[in-house]
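A.B. asks:
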Amino acid sequence: MRTAVVVFPGSNCDRDLAVAFARATGRPPAMLWHKDTELPPGLDLIGLPGGFSFGDYLRCGAIAAHAPICRAVADFARAGGHVLGVCNGFQVLTETGLLPGALIRNANLRFVCRPVGLRVETATSAFTQGYARGQAITLPIAHHDGNYVADPATIDRLRDTDRIAFTYLDNPNGSAGNIAGILSENRRVLGMMPHPERAADPALGPGDGTPLFAGLATALANA
Amino acid sequence: MENPEITDDLIAAHGLAPDEYAEILRLLNRPPTLTEIGIFSAMWNEHCSYKSSKRWLRLLPSDGPQVICGPGENAGVVDIGDGLAVVFKMESHNHPSYIEPYQGAATGMGGILRDVFTMGARPVAAMNSLSFGAPDHPRTRSLVAGVVAGIGGYGNCFGVPTIGGEVRFHPAYNGNCLVNAFAAGIARADRIFYSAASGVGRPVVYLGAKTGRDGVGGATMASAEFDDTLEEKRPTVQVGDPFTEKRLLEACLELMDSGAVISIQDMGAAGLTCSAVEMGDKGGLGIALDLDLVPVRESAMTAYEMMLSESQERMLMVLDPEKEAAARAIFDKWDLDFAVVGETIAEDRFIVRHQGAVRADLPLRALSGNAPEYDRPRAAPPAPPPLGDVPPTDAIDGLRALIGSPNHARKAWVWEQYDHTVMADTVVPPGHGAGVVRVHGTTKALAFTADVTPRYCAANPFEGGKQAVAEAFRNLICVGARPLAATDNLNFGNPEKPEIMGQFAGCIEGIAAACRALDMPIVSGNVSLYNETDGQPILPTPTIGAVGLIERLGERIAGPARPGDIAVLLGPPGRHLGQSALLWEMWGRAEGDAPPVDLAAERAAGAFILAERAAIRACTDLSDGGLALAAFEMAAAAGCGLAIEEGDTAWFFAEDQGRYLLAVPAEHAAGLVALAGQQALPARAVGSFGGDLVALGPASAPLADLVTLWSGAFAAALG
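Residue numbers (our numbering), protein chains in the order written: chain L, 1139 to 1361; chain C, 384 to 1102.
1) Under DSSP, the beta strand (DSSP E) around Asn557(C) begins and ends at which residues?
2) Leaving out the 5 sequence neighbours to the left and right, which residues in its chain are closer than 8 Å to Ile645(C) when beta-carbon positions are compared?
3) How is the alpha helix (DSSP H) around His430(C) delimited, first residue to last?
4) Any idea what DSSP makes of Asp675(C), helix, strand or coil?
5) Find the residues of chain L that neighbour Met1112(C), judging by a C-beta separation of less than 7 Å, and give them in chain order.
6) What residues in its chain sit with their C-beta under 6 Å from that of Ile534(C), if we drop five residues either side in the sequence?
7) Can you give me the Cβ contacts of Arg524(C) inside the same chain, cut-off strictly under 6 Å, excluding the 5 residues immediately before and after it?
8) Val1250(L) versus chain C: which residues are under 8 Å apart at the beta carbon?
9) Is there contact between the segment 888-899 of chain C and the segment 818-830 of chain C, where contact requires at least three CB pairs shorter than 8 Å?
10) Between the alpha carbons of Ala1014(C) and Leu1025(C), how many angstroms are there, rounded?
11) Could you name the residues of the segment 531-553 of chain C whose beta carbon sits closer than 8 Å to any beta carbon of chain L, in the order they occur along the chain?
12) Does Gly1319(L) get closer than 7 Å to chain C when you measure Cβ to Cβ?
13) For Lys629(C) and chain L, any beta-carbon pair shorter than 7 Å?
14) Got a sec? Which residues, its chain only, sit under 7 Å from Phe1192(L) by beta carbon, not counting five neighbours each side?
15) Using a Cβ-Cβ distance under 7 Å, would His1104(C) count as near chain L?
16) What residue range is occupied by the uninterrupted alpha helix (DSSP H) comprising Ala851(C)?
17) Establish whether the CB of Phe1214(L) and some CB of chain C are separated by less than 7 Å.
18) Answer with buried or exposed for Pro387(C), where buried requires no fewer than 16 other C-beta atoms within 10 angstroms of its C-beta.
19) When you check each C-beta in the segment 1333-1347 of chain L against every C-beta of chain C, which residues fall closer than 9 Å?
20) Rounded to a whole number of angstroms, what is the C-alpha to C-alpha distance between Val811(C) and Pro415(C)?
21) What are the partner residues of Leu513(C), as DSSP defines its beta bridges?
22) Apply the 10 Å Cβ neighbour rule to His1204(L) and answer buried if 16 or more other Cβ atoms are within range, or exposed otherwise.
23) Of all the CB atoms in chain D, is at least one closer than 7 Å to the CB of Pro1187(L)?
24) Is there a C-beta anywhere in chain L that falls below 7 Å from the one on Asp1097(C)?
25) Are Ala754(C) and Ser432(C) close, meaning C-beta to C-beta below 7 Å?
26) Can you name, in chain order, every residue of its own chain whose Cβ lies under 6 Å from the Cβ of Arg996(C), other than the five neighbours on each side?
27) Apply the 10 Å Cβ neighbour rule to Pro625(C) and answer buried if 16 or more other Cβ atoms are within range, or exposed otherwise.
28) Tell me the rounded alpha-carbon separation between Gly725(C) and Phe471(C).
29) I'd like the list of long-range same chain contacts for Pro1374(L), defined as Cβ closer than 6 Å, with 5 residues on each side in sequence excluded.
30) Have a look at Gly1345(L), Pro1344(L), Pro1349(L), Ala1338(L) and flag the residue whose alpha-carbon is nearest the alpha-carbon of Ala1156(L).
31) Please specify which runs of the alpha helix (DSSP H), each continuous and at least 4 residues long, are wholly inside the segment 1192-1264 of chain L, giving them in chain order.
32) Counting along the chain, where does the beta strand (DSSP E) carrying Tyr1306(L) start and finish?
33) Which chain C residues are close to Asn1311(L), counting only those with a beta carbon under 8 Å from its beta carbon?
34) Quick one: does Ser606(C) have its CB under 7 Å from some CB of chain L?
35) Are the CB atoms of Ala1240(L) and Thr1232(L) nearer to each other than 7 Å?
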C-alpha cells in the first residue's frame, strides 16, 4: 500500500498524518509539495493534513483548492483513489468540490481544542470499517472553522445515502446535523474535522484514531 | 527630514538622558545624524540595554553541567541527553498587548517562537502567563478576549501546542496587563546556531517578510516637535502574520541543514539595528548595510524608519558565500524574501548607506559595550499590614469562594482556544499543573510550568522570588520530571522609584537563592519595567518558566487518583495564612507576611517524590488555596470524591511551602509514610479517595456540584 501526504506551506499536521500513515502501513508516505503537478505512480491513499494551508486569512482552504497539487488530487479521486482530509484538509475538500457543503466559523466564534465524543455513523467505508456502526469514540478537535453547513437537500441526501461518517455527541461548533465527517458518493473520499492522527499512538494511551488507520491499511492492502 | 537640527526636545523624545547624549558626542566627536540618534536610542533604551537591571541580573546562577548556552543569546540551551537539547525562553509583550490586545499578544507569541527557532530548534511547546486587572474592571473582558484570541491565532496557525500557563486577576493590573509568552524547542545539541558573526567580507542576508513602517520607534518615542508629519511617523501597531512565520521556520531549518548559515539573529525590538549590532558585536566585527537592498513594502521609507522598523517575521544572517545559490533556492521554494543587504567588515564600524549617502557611521562595539548601566537607588518596599483575626470558616464555604473566583476556577475557557494537541506528542494537556510533551521519536518527555505568586512578591520580595522558583520546581516534580533549568520574565513598575528597585532586587536575590539551592540555573530571560499607570505599579511579577526532564515516559507520575487510594500529606500541617488566597478571595484582605520557603526542605521533598514515584499514583503541590484546593483539584481530575480529616482554617487553607498531596495505592501508603519518616520528612495519611462527595472534615458537598462551579466560574465572569 502506497500513501502520500500533501504539504501546503501552512500545513502543520503533515508530519502527524505521515507518522500515522507510516505506523499503519509500515512504510513512510511520499510528501507532495503543493507546487507539484503530478503524483508519484501507484498511490492508494492521499492525505490532506490539518493546518492553515495558505494562512487561511480568506475562506479556509480556498487558496489551497487552487494549488497545482489539488488538480492532481482531484483527478486521483475521480479515478477512484482514496483521499482523507482532516480539519484543514476537510475544508480543502469542500473548496475543491470533492465533498459537498462548506465549513464556516464556529457558532461561538472561538477556536476550540478539546477531546470530543463522536458517534460512528457508518462502518461501510475503507476509513470506518475498523469501527462498529453506532460506536461512541473520542477524538481531539482543534479548529476555528468547523461549523459544517449545506442546504437541507444536501444534508438529507448525505443521510439517505449513508455518507455521514461521524457525528458529534455534543456539538462543539454548530455543525448542521451534528456532522463531524462525510464521505463522497463513491465512499472513497472522507473529510472530517476531528484529528484521528492525534489519537493513534499506543505510547500516548488508547487512541480511538487507531482503528481508522488500521482499517484503511487492511482495506487498501486487500484492494 | 533626514537631518533635522538636534534639539534637546529631539534628544528627550528619543528617551536619551542628557548625560547619555554627552556620551554620544564624546564617542563621535561630532553631532549625530537623525538615523544615528535613532540607532543609539534603540540600543540604549531600557528594553534593549537592560541598563537598570543588568547589575542585578548578574546575581542569577546560569551555569550547570546541563547548560549548553546560558543568557545572552536568543534563548537558553540545555542538554537533555542522547545528543538532544531543549532551547527555551520567556518574554513579555505587556505594553503592546494593553494597547492592541490581539496583535500585541500575537506578535509576542511570534517573537518568542522566533527566538527559539533562530537557534536551530523546532518549537514543540508554548506556555503563557497572563495577568489582568479586576474581572469587573471595564477593560478586563476585552483584554482577556483579545489576548487569548491573539495567542491562539498565532500559535495555532504556526502549529505549536500551547500546553500550560497561568491567568490571574488583580486590580493592580487594571492599567497594565502582563502577557508573558514562553516557547521551547528541540534541537540537536551539536547543531545550535548562534548570533556571533565570523569572517570578513561575508554577505549579510535579510530573510523573511518585507519591511514596513510598523513599530517604528516602538522602542523609542517620537514627539510632536519631531516634525509636522506626526500622523505618518506615529508608531503603528505591529501586525503578526503567523503564516509567514511558519514558512520562515521551515525555510530557516532547511537553510541550517544546508550548512549555509554562519550566524543568525531574529529581528525583534528595533529590528535591523539590534540584530546587525548584535551579530557584529558578538563576532568582534563591523557591519556595513546598504538599505537600498532591503525588501520594503512601503514607498519612500527613510533610513531612520528602516533601521527602527519592527516589522515582524524577519531574520538577519551571515551567509557562507559558497552556498548562496542553494540558500536562495530554499527561500524561493517558501516564497520568502532573501536579499543580500550588506557585509561583515574588519573595522569596528556600523555603517548604514541609503540612496548614495552614509546615514550612519558609528563605532559598533560602543553601541552595546558603552550602553549606560545604572545602579538605581532602592528602598525596602513598605511592609504589608499584619495579619488580623481570621474568622473560623466552613471549609466548603472557603473552597467555594476559591473555585468560584476566576483566579482559581478551571481555565478551560482560555486553553481550549489554544491548540494543545498539534504535533501529536502532548502527554499532559493544560490544566493539570505542568504540561508534558514527548520528545518526538524518543521515549523521553519534557515537562513545562510557569509560576509566580505576585501577592507574596509584594509582601516580601525575597521570599516571593524564592517561592516562584520553588513552586515551578514542585510542579515539575508532581509529574515525575527532574527539574533542569528555568527562564525568568521579570515584570515590575518604574525602576526610577526606589521601592520598585527594592522589589526588583529582593525578588532577584530570592530567585537566585532558590535556583542555586534547587539546581535550576536561569538560562534565558527578559525584563519588563515601567509597568505603571498614573503612578500605580503592578504587583511585582517575576514569572518563572521551568523545564524538567522525564527520562522514560512510562515512569512519570501519570495520575489520576483512584477510589481507595490514600491521600498522603508530605510536609507539615499548614499554619501560615498570611497573603493566602483564602484571605484575598473570601474577604479581599492582603495581610501578613508571605510564607517563608525552606529551600533545603523543598529539595528533600522533591528528591523523595522522584525516588519513590513508582509508589505514587497522583501528585499535586500545595500552593494557592492550600490543602483544600489541592484536594479538590485531585478529586476533580480523578472524577472521584475524597474525605480529608478534620482541622482548623489553617489546616485547610494555609499556604506553607514545600508541601505535596499524594494519592497512593492503599497497599503502598503505610510503607511510603514510614520511608518518609526515616528521611525525617513529615508525612501522614490524611484521608482517602472514593465516593462522590468532597468531605473536608465535617463539611461536605457533592463533587459534581463543586466541579460545575469550578468549570463555569471563569466564563461566567469573563466569557
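From the three backbone atoms N, C-alpha and C, an ideal C-beta is built for every residue, glycine too.
C.D. replies: Answer, in terms of the structure:
1) Taken as a continuous stretch (DSSP letters only), Asn557(C) belongs to no beta strand (DSSP E), as it is neither H nor E.
2) If we look at Ile645(C) and ignore the five residues flanking it on each side, its Cβ neighbours are Ala580, Ser581, Gly582, Arg585, Met700, Val701, Leu702, Asp703.
3) 429-432 is the span of the alpha helix (DSSP H), which, as asked, contains His430(C).
4) Three-state DSSP puts Asp675(C) in a helix.
5) Not covered by the structure: residue 1112(C). The range shown for chain C is 384 to 1102.
6) Result list for Ile534(C): Ala488, Met492, Asn511, in chain order.
7) If you ignore the 5 residues before and after Arg524(C), its C-beta comes within less than 6 Å of the C-beta of Leu1101, all in its own chain and listed in chain order.
8) Think of a sphere of 8 Å around the beta carbon of Val1250(L): the chain C residues whose beta carbon falls inside it are Glu799, Gln800, in chain order.
9) Too few Cβ pairs lie closer than 8 Å, so no.
10) Using only the alpha carbons, I get a separation of about 8 Å.
11) The segment 531-553 of chain C vs chain L, Cβ under 8 Å: Ala532, Gly535, Gly536, Asn539, Cys540, Phe541, Gly542.
12) By this cut-off, Gly1319(L) is not an interface position.
13) It does; some Cβ of chain L falls within 7 Å.
14) Take Phe1192(L), set aside five residues on each side of it, and the residues of its chain with a beta-carbon closer than 7 Å to its own are Phe1146, Pro1147, Gly1148, Ile1201, Ala1202, in chain order.
15) The displayed coordinates of chain C run from 384 to 1102. Any statement about residue 1104(C) would go beyond what the structure contains.
16) Where Ala851(C) is concerned, the enclosing alpha helix (DSSP H) stretches over 844-861.
17) Cβ-Cβ to chain C under 7 Å: no for Phe1214(L).
18) Classification of Pro387(C): exposed, given that the 10 Å Cβ count is below 16.
19) Of all residues in the segment 1333-1347 of chain L, those with a C-beta nearer than 9 Å to a C-beta of chain C are His1333, Glu1335, Arg1336, Ala1337, Ala1338, Asp1339, Ala1341, Leu1342, Gly1343, reading in chain order.
20) Spanning the two alpha carbons is a distance of roughly 55 Å.
21) As DSSP reads the structure, Leu513(C) sits in a beta bridge with Val550(C), Val562(C).
22) With fewer than 16 other Cβ atoms within 10 Å, it is exposed.
23) Although the question refers to chain D, the structure presented lacks it and instead comprises the protein chains L and C.
24) The sequence given here has Phe at residue 1097(C), not Asp. By this cut-off, Phe1097(C) is not an interface position.
25) The criterion of a C-beta distance shorter than 7 Å is satisfied by Ala754(C) and Ser432(C).
26) Excluding five sequence positions before and after Arg996(C), the CB atoms of its chain that fall closer than 6 Å to its own CB belong to Gly863, Ile940, given in chain order.
27) By the 10 Å Cβ count, Pro625(C) comes out buried.
28) Our two residues, Gly725(C) and Phe471(C), have alpha carbons roughly 30 Å apart in a direct line.
29) Residue 1374(L) lies beyond the range of chain L shown here (1139 to 1361); nothing can be said about it.
30) With distances taken between Cα atoms, Ala1156(L) lies closest to Ala1338(L).
31) The qualifying runs are 1206-1216, 1226-1234.
32) Here the beta strand (DSSP E) through Tyr1306(L) covers 1302-1306.
33) What Asn1311(L) touches in chain C: nothing, since even the nearest Cβ is about 12 Å away.
34) With a pLDDT of 31 at Ser606(C), under the threshold of 50, the modelled position of that residue is not reliable, and no figure is offered here.
35) A Cβ-Cβ contact shorter than 7 Å links Ala1240(L) with Thr1232(L).
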